[in-house]
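Report on the structure given below.
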Amino acid sequence: MLALLCQFSAVMEYLLTPLAMMLSSIPVVAIIPVLSRLFGYHMTTLIIIVAIICFLPAFVYMHAGLRSVPAAVWMSSACSGLARGHGCCCFDCQHPCHPV
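Residue 423 in my numbering sits at position 51 of the sequence shown, with consecutive numbering throughout.
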């Protein structure tokens, strides 16, 4: 879900993507002692480690996949009839899928 947010919001992309890339490049085994010192030796630390192991690769790969989709595909999906009015994303659509 955050990868979709990064796809459509430049601010979120500039905030989350570098952080996720940096954290995904560090081995989790190297982060475990730091997290254990910060959060103690409790279940919270285990949950954070599992979240890092699951979330970061999913975010990085989904974000890379969404960035590789051409802009024409995003435009055609916006005009697929899911929005208001005459089946387009806006009332004054100039996209070729809607003849004037």
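Every residue, glycine too, gets a C-beta built ideally from N, C-alpha and C. Note that this is a predicted model, so its numbers are computed, not measured.
Beta-carbon proximity of residue i to residue j, cut-off 8 Å
| i | j | result |
| --- | --- | --- |
| leucine 388 | leucine 407 | no |
| leucine 438 | leucine 377 | no |
From the options, residue whose alpha carbon lies closest to that of residue i
| i | options | result |
| --- | --- | --- |
| valine 400 | Ala423, Phe411 and Tyr413 | Ala423 |
| leucine 428 | Gly412, His414 and Ser397 | Ser397 |
CA-to-CA distance, residue j to residue i, given in whole angstroms
| i | j | result |
| --- | --- | --- |
| valine 432 | alanine 382 | 16 Å |
| isoleucine 421 | isoleucine 404 | 7 Å |
| leucine 410 | valine 441 | 39 Å |
| isoleucine 425 | isoleucine 419 | 10 Å |
| threonine 416 | leucine 395 | 18 Å |
| alanine 430 | tyrosine 386 | 18 Å |
| alanine 392 | tyrosine 413 | 24 Å |
| alanine 443 | proline 390 | 23 Å |
| valine 379 | alanine 436 | Correcting the residue identity first, residue 379 is glutamine in this sequence and not valine. Roughly 10 Å between the two C-alpha positions. |
| methionine 384 | valine 445 | 22 Å |
Alpha helix (DSSP H) segment containing residue i, residue limits
| i | result |
| --- | --- |
| valine 441 | Taken as a continuous stretch (DSSP letters only), valine 441 belongs to no alpha helix (DSSP H), as it is neither H nor E. |
| methionine 393 | 382-397 |
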